[in-house]
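Structure record follows, encoded as structure tokens.
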Amino acid sequence: MSRKELISEIGLRLDGRRAHELRRIRCKLGVFTQPDGSAYLEQGLTKVLAAVYGPHQVRGNRTKAQHDSAIVNCQFSMAVFSTTDRKKRPRGDRKSTEMSIHLRQALLAAIKVELYPWSQIDVYVEVLHADGGVYPACVNAATLALIDAGIPLKEYVCACTASLANNDVPMVDISHQEEIIGGPTLTVAALPMSGKVVLMEMSQRFHLDHLPKVLDKALQGCKDIKTILDEAVRRHVEDVGSSSGWGNTSEKART
Amino acid sequence: MLTTKSFIKKNKIGNVLKNIREHYLRNDIFCGFDICERCSPANSYLSSTHVNNCSLFLYNHYIILDTNVILDQMDILDENVIGNVIILHTVLQEVKNRSLPMYKRLRSVIENPSRHFYVFANDHHKDCYLPQEETELINDYNDRCIRKACLWYMEHIREARFVFITDDNANRQRALSENIISVSVKDYVTHLDKAQFLEDKLAKHDFHVKVDAEGLFPPHCSTFQIHNGIKESRLYQATYHASRDNYLEGFAMVDGFEDSILLQGRSGQNRAVDGDIVAIELLNQNEWVAPSEMILEDESIADTSLEDALKKEDELKTVTHKKKGDVKPTGRVVGIIRRKWRQYCGILQQDGSDTSVYQLFVPADKKIPKIRIETRQAAALRSQKIIVAIDSWPCHSRYPNGHFVRALGKIGDQSTENEVVLLEHDVPHNQFSEEVLSCLPKLPWIITDEDVEARVDLRHIDICSVDPPGCTDIDDALHCRPIDDGNLEVGVHIADVSHFIRPGTAIDLEAAKRATTVYLVNKRIDMVPELLSSNLCSLRGGEERFAFSCIWIMDKKANILHTRFHKSIIKSKKAMTYEEAQITIDDKNRNDSIALSLRNLNMLAKILKRRRLENGALVLASPEVKIQMDSETMDPIDVEVKKLFETNSMVEEFMLLANISVAEKILASFPDCAMLRRHPEPPSTNFEPLIKAGKHLGFDIRIDTGKNLAVSLDAAVRDDNPYFNTMLRILATRCMLQAIYFPSGMYQKNEFFHYGLAVPLYTHFTSPIRRYADIIVHRLLAVSIGADATYPDLLDKRKSNHLCQNLNYRNRMAQYAGRASIAFNTHLFFRGKIQDEEGYVLYIRKNAIQILIPKYGLECTLYLAQKGEKSAFFEYNEEDQNQSCGNIVLHAFDPVTVRLSLDSNNIQHEKFTLQLVSPYIEGFSVPPLNKPSRKQKLEDTGSKSPPEAKRKKKSRKH
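Residue numbers (my numbering), protein chains in the order written: chain A, 1 to 255; chain B, 256 to 1213.
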């Protein structure tokens, strides 16, 4: 396959991770005050900002509004400085449009849209630095922003990539370096608690025999990410809650 | 568990870009010692019982190696002496970047548990990682990392002692100043206990330095200069090919030049060794010269006699400067981009003195220069074939410096020479490992009901096989029977090897590596173990075997009406030789089913052949011989050209037909990854010698299409010289390119063409016992008819391509090895014999004539003049390509009689010496020998034809 081995004989990847290890994930909810919900997420060097507006009245073309559900509007954009080559257009090119559609598909699966008829939810995602796994980072950040906005979700929606090193070993969370050297990348967006796959995409082909183990790896990655996100959400709630005295007005009243 | 360290890298892809990568540092990387309490036990081969005995140190110690030691002294590490070695990941990566072959050898040592090597991933260890400083060079940085790791180990395990071995003086000094115990390899090895033999294997890089010596060679440019030069198109990158005939000439092919670039003389070649990738500078056009067409060999004995070399070079210059006719682009090597040095077989220079430690080594391959080695066992090695590796070639040294690796055996022994042939051609020939043998089916092997269920039962059909006598690996059988509507059912049944060799098993990997069975004169190196090749897969007469059948329904005019493929069980009625089959066909009294089907097959084959030739398939020729061996002594007792029967061609036709049918089928099923075989049309320049040769005798050889070539070759017949046409075909064969395997996804459809056979699609299906390509084709075909399941690698285009490259390489090498073996045995046969033989002139050279002796398939050189001198008798006419003496003119294709004897002066390259007998030229020729030819003698002494040893099986070359 490729000349460079993605995973060395001692079981370390090029950046020192093992096959099953995610990159470091750091995230924060509520980074902006203007939108209804926002989040910042770092997955390795990939850095993403997400902002959620809504649910609000359908703006612009009113005829789009639906009587039984909210419409979800996603916009994906990449900062011009996010890649090594300076990008010409931050949004609106073919790739960004495709990303927007995929993002919408994944989020639609988790948002309880039926609760908000005649309304609209806007999700804006901006990639600040792309270092592989852009789509998963966007999905994960959008999930956090939706939670921050207080929009009811069925459960977390998480995404993760997986690939096949040396055409044999499945590995999770592919970095940019690994993407360009090597084999096919499988991107999976899933509802990790119920184990439902909501989006699956492959960059190249590999033999069908490999699919189960690579998919397994990706789903395991989604579950791991969910744990991390969950922890971040709890911490955030704790922070917000404790600073406001858990919204406990009765105690104030008593004193 | 994860810590992040990002670092910045600048990359140049047209413009400067900033790359940032993560670098995770870990705390779960362990030292590999079982006595260590702080680390979890790692999977490590380090052993507390192994003792490194070096008299420099009075205690047992562990060894940490520097990169330069591994790159230069791998031969020492290969020996099972030094153990308990810690290889740092930094070092491993550096080795991998610098030299992939070394890396592979190192890996095999590391993976051997008895060697006690351990890889420590220091660059990801939280305590051993160092950030690279901004102005620091990568080498200095690596050295610093290595020293850091040494210090860490010393700190981490206080009970053990560590020795850091490096050949880099600066690094060693710095290590010593940091209190790391450090020595050079030379010091270490010379003080090793019971390991004096290792000393010979030390690579020499700096010995014999004559400071005052005038640089014999111009110095090489630095990497930077080469890089810039290539960028500015001043220099060209190319692979250097040394000339086989003239050690002072070499060639290199550069893109954009029609001709290869000539590199002549010492400064032109500038220490390039055959196969190296070099940087070339083109000379000014007025300095261009023509290739000398001389045959020159390096005959000097001592490396000091420089004058001799200089003289030869001058001589070469005067020759080449004189003729301005067809000058070639000439250049000189200014730098080496990558060395492709390997280990070379050969012998010590025979007339050197035994007392000197410096010896000259003469490689068996004439394209490789002599190598200077240092050894204390010269006297013992003088009679041996040995292996030597090159270490360096400084510019003041006439020869490269090298070191002794191992001895193979006595010069001239059959077994030694076989070993040499195999090694020189990189043929894997060790015994099959236990793991491979464990994949074999258990005996007694029985056909189960499931097998019968999955296969078509053809045991009732009269199938027979036709092969050369003595053949044990029978992989094809045939049948032909009339069916109701007046048509014929023809079946080709191929041994079902893929039933026994399952993908991914050890036996499969081994077969893929070997790629082909190699036939030497008295030895066969099997691709699969003998149980399969000569028993379970071999379609022997009277035994039930599994086969993959290709069945056609044909009409009497050999048109295919219907084709089908299926796996089957067959029972061959008889395994026949070509001769037997021929007799069966010719014997009018025999009318049994086998005779009838053979006759039908023969009839169809003739039609098929005629049709194929009409389509423009080429009939080529190469002088192939068969060597009769004495069954006991294994000495060759006769050499003869192979006999061909009509039945040879019959079997061949049906194999071709099967291959073509299968190729169509698998391509239809797998447009992307079908393994096919293509034979590219040779570029028209290849045909120049053929056209020239034809023109001299008034024949117009047209080469615009394969068909025209075939027609014009057929037309070129001379009544006075019956062998003329064959010789022309031999020349035509040499113009051809090699046919190669490829996965169909790698080429355009119009490139699939097989030029020699003139078919649009071709593959190999019919010899799975001896070719791995056929096994793959079997698997593909099995999948496409639903008889077997696919597996990942089969459908991976790039992996298939990789596999094809190996198959092509091994096939080529197997072919060369076979030829080399025949050449050696022919020499053995002629030892001490002198006889007169008829021959034909093949080429005319400036100082020699090349003569083909059809009886033995030999091609030898008749020198017309002593080297470098002008012939006293012959006048060379370059225009007409002839040599004349008085009124006797020798052209290409002229018949001559020559006296043949073997010159054993050079015991490594025994060669035939020819003397002209007829036409008789006073003073030059020798009178004919008047003794009976050897053949008659043999018949006198008894006509018992001796049995052959394992004989080369087939000669189908498509």
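Just so you know, even glycine gets a beta-carbon here, dropped at the ideal spot from N, CA and C.
All figures in this text were calculated on a predicted structure; none of them were measured in a lab.
As assigned by DSSP and simplified to three states, the class of residue i
i, result
"Asp893 of chain B", "strand"
"Met193 of chain A", "coil"
"Trp407 of chain B", "helix"
"Trp246 of chain A", "helix"
"Leu1001 of chain B", "It is worth fixing the name first, because residue 1001 of chain B is Met in this sequence and not Leu. Correct three-state label for Met1001 of chain B: helix."
"Lys595 of chain B", "coil"
"Leu791 of chain B", "helix"
"Cys400 of chain B", "helix"
"Ala1013 of chain B", "coil"
"Ser96 of chain A", "helix"
"Ala860 of chain B", "helix"
"Glu1093 of chain B", "strand"
"Thr703 of chain B", "coil"
"Ala70 of chain A", "coil"
"Leu538 of chain B", "coil"
"Ser163 of chain A", "strand"
"Gly221 of chain A", "helix"
"Cys990 of chain B", "helix"
Expected contact under 8 angstroms - CB spacing of residue i and residue j to nearest Å
i, j, result
"His1009 of chain B", "Ala994 of chain B", "7 angstroms"
"Arg933 of chain B", "Glu1006 of chain B", "6 angstroms"
"Tyr1095 of chain B", "Asp1149 of chain B", "7 angstroms"
"Val52 of chain A", "Ala149 of chain A", "4 angstroms"
"Phe472 of chain B", "Ser439 of chain B", "Their Cβ separation, rounded to whole angstroms, is 27 angstroms, which puts Phe472 of chain B and Ser439 of chain B out of contact at 8 angstroms."
"Ala1220 of chain B", "Ile718 of chain B", "Beyond the ends of chain B as shown, which are 256 and 1213, falls residue 1220 of chain B; an answer cannot be given."
"Met289 of chain A", "Pro90 of chain A", "With chain A running from 1 to 255 in the structure shown, residue 289 of chain A is simply not present."
"Ala830 of chain B", "Ser720 of chain B", "5 angstroms"
"Leu1169 of chain B", "Leu1107 of chain B", "Not quite, the Cβ-Cβ distance comes to about 11 angstroms (not below 8 angstroms), so this is no contact."
8 angstroms Cβ shell around residue i - same chain, five flanking residues per side excluded
i, result
"Val711 of chain B", "Ser804, His821, Lys822, Ser823, Ile824"
"Ile535 of chain B", "Leu490, Tyr491, Gln492, Ala493, Ala507, Val509, Ile516, Leu518, Gly586, Arg587, Val588, Val589"
"Gly183 of chain A", "Met1, Ser2, Leu6, Ser163, Leu164, Ala165, Asn167, Gln204, Phe206"
"Gly1141 of chain B", "Ile1176"
"Thr559 of chain B", "Confidence in Thr559 of chain B is poor, its pLDDT being 48 and thus under 50, which makes the residue's placement too unreliable to answer from."
Residue i vs residue j beta-carbon contact at 8 angstroms
i, j, result
"Ile412 of chain B", "Cys309 of chain B", "no"
"Asp228 of chain B", "Val346 of chain B", "As displayed, chain B neither begins before 256 nor continues past 1213, which places residue 228 of chain B out of reach and without an answer."
"Ala218 of chain A", "Ala162 of chain A", "yes"
"Tyr1017 of chain B", "Asn855 of chain B", "no"
"Ala527 of chain B", "Ile591 of chain B", "yes"
"Ile71 of chain A", "Gln120 of chain A", "yes"
"Met991 of chain B", "Pro938 of chain B", "no"
"Ala110 of chain A", "Asn140 of chain A", "no"
Neighbourhood of residue i by C-beta, 6 angstroms cutoff - its chain only, sequence neighbours within 5 removed
i, result
"Phe687 of chain B", "Pro784"
"Leu455 of chain B", "Looking at the sequence provided, one finds Asp at residue 455 of chain B rather than Leu. Cβ within range, chain order: Thr630, Phe659."
"Glu114 of chain A", "Ser69"
"Ile1214 of chain B", "Because chain B spans 256 through 1213 in this model, residue 1214 of chain B falls outside it and cannot be assessed."
Own chain residues within Cβ distance below 7 angstroms of residue i, not counting five before or after
i, result
"Glu679 of chain B", "Cys600, Ala619, Asp620"
"Lys768 of chain B", "Pro683"
"Arg499 of chain B", "Lys621, Lys622"
"Cys694 of chain B", "Thr760, Ala761, Ile762"
Taking a cut of 8 angstroms between CB atoms, which residues from the segment 146 to 163 of chain A lie near chain B? none
What are the residues of the segment 176 to 205 of chain A that lie near chain B, defined by any Cβ-Cβ distance shorter than 9 angstroms? Cβ contacts with chain B: His176, Gln177, Arg205.
Residues in the segment 218 to 249 of chain A with C-beta within 8 angstroms of chain B's C-beta atoms, listed in sequence order? none
Could you list the residues in the segment 1050 to 1074 of chain B with a C-beta less than 9 angstroms from some C-beta on chain A, going in chain order? Of all residues in the segment 1050 to 1074 of chain B, the ones placed with a Cβ closer than 9 angstroms to any Cβ belonging to chain A are Leu1050, Asp1051, Arg1053, Lys1054, His1057, in chain order.
What residues in the segment 280 to 306 of chain B bring their beta carbon closer than 7 angstroms to a beta carbon of chain A? Hits within the stretch, in order: Leu280, Arg281.
In the segment 1026 to 1049 of chain B, which residues sit with their C-beta less than 9 angstroms from some C-beta in chain A, listed in chain order? Thr1045, Tyr1046, Pro1047, Asp1048, Leu1049
Which residues, in order along the segment 370 to 383 of chain B, keep a beta-carbon less than 7 angstroms from a beta-carbon of chain A? Val374, Ala376, His379
So if I threshold CB-CB distances at 8 angstroms, which residues from the segment 19 to 52 of chain A count as touching chain B? Glu21, Arg23, Arg24, Gly44, Leu45
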